[in-house]
Structures are given as C-alpha cells and as structure tokens.
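Numbering (our numbering), first residue to last: 10 to 422.
This is the structure we're talking about:
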C-alpha cells in the first residue's frame, strides 16, 4: 500500500484495521494518515512495531494525547528515542511505563532535565534497573518529600553516590526508614551533614550495622548519637569513635557504652575519656577497656582510676599500665593493688611505685611481687619499706637485698 493509498483511506476503513495489520505499516505510511499516528485508535497503537516507534519524532509523540501515550507497550516504550521525548510526553507516561524506560533513556532524559516533569506517582514506577540512569542534573526531582518518599527503596539503592550527595536537606531528611535501610554502604558514606541533620530516631535507628560502618559519626548531632542502638554502636570503628566530639560521646548512656567494641574503643580520645564517670567505666566491656589507647589511659582522673573494679583492672595491658601517671598510681587502693599481676606491676614506673604507701606495699600479692624490681625498692622511703615486713615469704633474694640496701642507703651490688 502506497502512502497515497494510505492518505486516501477513509477513517472508517482505518478503524477496522487490526493492531496486527497496523504493525505492518511503515512510519511514512503512518505519517500519511490524515492526522498521522494520532489517527490510530489506542488498540491499534499497541500494534506499532518497535522499529517504527523508535523513529517517532518529538512531533509524532506530541500529537499523541495521554490515552495514546499510555497505550504504548513496554517494548515500544523501551524503543523510543529518548532524545525526542519532551516534558509533555514524560508527563503523560503511566508509572508502569516509567518503569519500562531503560537506564540509557533515563540518563538522557535526566541530563536534559526532562525528568523533572515526573509526578510522585510516576516516580514510584522507577526501578533498580533504570534509576541508575539518573544524573545530578535531575536529582532535584527528589528534593521534596512526596517525590522522595514515592521512590522505590531498590530504585534509591541504584542511585550513584554523586546523586546521593546532591540531594538537599529536604530530600535527605524525607527518606523513609525503609529507604534508609536500602542504602548501600557507599551511599551512606556519601550522605552529608545537611541531609541527615533533621533525621529523627526512627531514621537513625534504621541504619544497619553494615551501613553504620560507612557513616561519618561526626555528622550526627549529640541527640542522634544518643539514639544509636547497641548493634549500631558495636559496629562503629575506631576512626568513627575518634571523630566524635566529647559532647557527642557524652550522649551515650552507660548501657550504650557497654556495646562499644574493642575496635571502637581503640579510637577513644582523651577528651572523650574524661567525660566518663565510674559507672560508665564499669559498664565498659573489659576487652574494650584493654583496647583504649595509652594517651586516653593517661588522661583518667584519680576518681576514675579508684573506681575501676577487679575485672577492669586486670584487663589493663602492660602498655596501658606503663602509661599511668603518678597521679593515677596514687589513686590506686590497696584492694586494687592486690589485684595487679606481676606483668602489670613491672610495667609501672619507679616513680609510680614510689607513690605506694606501706599498707599498699603490703597489699601486693605474691604473684605481683615478682614484678617489683630492685630499682623500684631502692626508690622507696623507710616508711614505705616497712610494708615489706609481711612480704618476706614472697620476696626473692635480690628483693630482700634491695630492701636492706635501701634501709642503709647503700647500692645493691
């Protein structure tokens, strides 16, 4: 059938053509119709071949009303030349059709900002397969609550980190808990302080332990830090903990501190440690305490040191004990000193040992005595040396000799 024949076809004749028959028409033949493709019924439109649809110009598409646009099948939608799709056509797509656009089409439409014509209902049609085509040129589409919350969680997870970072405060704060839970670790790392500044507890707590690893903890407010759950706190790394200000850190309750892992505790700063009261320290896992850095250990106050129970005191490593200041050593009680191992005693400096009273010297356990050096003993006063009166069965010959020499103010040979 020639284009002239098609042009001469009466509307009644055209209307009886089946969708299958229409599928045999070329674009030239369709264009020869009195009103072009818009002369076709919505049923006939479904019969158009993908090759014909791929040749549709912007004019062809603009001549279609909403009913004709929405009659296009999934195959036809995917065949459209995105460069010829304008905002008018985009606004007429159904949510299902939006979901059938390819990522390449979405990319073209996004770069040209044509996608800004989408409604929240249409946005709900985006899928994990095509949302990856979104670019920062059209990310403002999601910078309102209705549009952002309409986005499928899987589609959100398909956005690039640049897209995530380009969201404004409205877009970021509008994220639903289910959407936040779908974010990848990389996407979480791309979140900005502005985006998450207004998150409420349900949003903060929707982050999984795996996701929390990608979060810059310094971006959270003190209130938000205080909303973190135990599993989230346990997942924090040393860098994340170290990024927190003392004000943020102080927002944790004793119960929350109990969830801090050894990995996280290794990041504790001196400023953070000074905010802990004795109850906080008591709740800290012994393995976590053993991971605390030497600078932080050296920053402990007399009250904090005196409040350490037997289990926590025993957990301190020789490196940590070596970091003790004389102020901290002075704070140790007889009961605590009795718990120290020989390795811990040996790690204390001579100046630290010199702060012990005679009663504290007497409280050193038989095992602990093995860590006391001759130099430590020689630095003690006569009053302190009196504490060895009950220790003789636990002392080595060298230690006894050191005590005698110290009394006589002589050097041990």
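Beta carbons are placed, not taken as given, at the ideal position from N, Cα and C, and that holds for glycine.
Where residue i falls, given that 16 or more other Cβ within 10 Å makes a residue buried
i, result
"residue 68", "exposed"
"residue 400", "buried"
"residue 250", "buried"
"residue 119", "buried"
"residue 11", "Only weak support is given to the placement of residue 11: the predicted model assigns it a pLDDT of 49, under 50, and the question is left unresolved by the model."
"residue 56", "buried"
"residue 362", "buried"
"residue 156", "buried"
"residue 19", "For residue 19, the pLDDT reaches just 45, beneath the cut-off of 50, and the residue's location in the model is therefore unreliable, although a value from the coordinates is still provided. Exposed, because fewer than 16 other Cβ atoms sit within 10 Å of the Cβ of residue 19."
"residue 385", "buried"
"residue 109", "buried"
"residue 33", "exposed"
"residue 116", "buried"
"residue 210", "exposed"
"residue 164", "buried"
"residue 16", "Any reading at residue 16 needs caution, since the residue's pLDDT is 49, under 50, leaving its predicted position unreliable; the model's value is listed next. Its Cβ having fewer than 16 others within 10 Å, residue 16 is exposed."
"residue 364", "buried"
"residue 244", "buried"
"residue 29", "exposed"
"residue 172", "buried"
"residue 406", "exposed"
"residue 161", "buried"
"residue 417", "exposed"
"residue 408", "buried"
"residue 215", "buried"
"residue 306", "buried"
Pair within 8 angstroms by beta-carbon distance, residue i and residue j
i, j, result
"residue 294", "residue 263", "no"
"residue 380", "residue 411", "no"
"residue 223", "residue 195", "yes"
"residue 346", "residue 383", "no"
"residue 321", "residue 285", "no"
"residue 206", "residue 186", "no"
"residue 265", "residue 237", "yes"
"residue 397", "residue 370", "yes"
"residue 114", "residue 91", "yes"
"residue 176", "residue 148", "yes"
"residue 166", "residue 136", "no"
"residue 239", "residue 261", "no"
"residue 280", "residue 255", "yes"
"residue 71", "residue 97", "yes"
"residue 218", "residue 241", "yes"
"residue 7", "residue 335", "Nothing in the structure corresponds to residue 7, since the chain is present only between 10 and 422."
"residue 340", "residue 374", "no"
"residue 39", "residue 61", "yes"
"residue 351", "residue 316", "no"
"residue 170", "residue 199", "yes"
Nearest-angstrom beta carbon gap, residue j and residue i [assumed within contact, 8 angstroms]
i, j, result
"residue 86", "residue 101", "Their Cβ separation, rounded to whole angstroms, is 12 angstroms, which puts residue 86 and residue 101 out of contact at 8 angstroms."
"residue 168", "residue 143", "6 angstroms"
"residue 107", "residue 126", "Incorrect: roughly 11 angstroms between the Cβ atoms, too far for contact."
"residue 387", "residue 415", "5 angstroms"
"residue 27", "residue 59", "About 18 angstroms separates the two Cβ atoms, so there is no contact after all."
"residue 313", "residue 290", "6 angstroms"
"residue 80", "residue 51", "4 angstroms"
"residue 112", "residue 139", "5 angstroms"
"residue 63", "residue 89", "7 angstroms"
"residue 301", "residue 274", "5 angstroms"
"residue 227", "residue 203", "Incorrect: roughly 14 angstroms between the Cβ atoms, too far for contact."
Test: residue i CB closer than 8 angstroms to a CB of chain B
i, result
"residue 116", "Checking the listed chains, one finds no chain B in this structure; it contains a single protein chain."
### Message
Quick check on the DSSP output: what are the complete alpha helix (DSSP H) runs of length 4 or more inside the region 77 to 113, in order along the chain?
### Response
83 to 88, 96 to 101, 104 to 109
### Message
Which complete alpha helix (DSSP H) runs does the region 309 to 356 hold, if anything under 4 residues is left out?
### Response
311 to 315, 319 to 324, 327 to 331, 335 to 340, 343 to 346, 351 to 356
### Query
Where in the region 118 to 184 do unbroken runs of the alpha helix (DSSP H), each at least 4 residues long, occur, reported from the N-terminal end onward?
129 to 132, 154 to 159, 162 to 165, 170 to 175, 178 to 182
### Every unbroken alpha helix (DSSP H) inside the region 183 to 268 [4 residues or more]
Those alpha helix (DSSP H) runs which fall completely within the region 183 to 268 and span 4+ residues are 186 to 191, 194 to 199, 202 to 205, 210 to 213, 218 to 221, 231 to 234, 239 to 244, 247 to 252, 255 to 258, 263 to 266.
### Message
Suppose only complete runs of 3+ residues qualify. What are the beta strand (DSSP E) ranges in the region 25 to 60, listed by chain order?
### Response
none
### Query
Which ranges would you report for the alpha helix (DSSP H) in the region 268 to 313 if only whole runs of at least 4 residues count?
271 to 274, 279 to 282, 287 to 292, 295 to 298, 303 to 307
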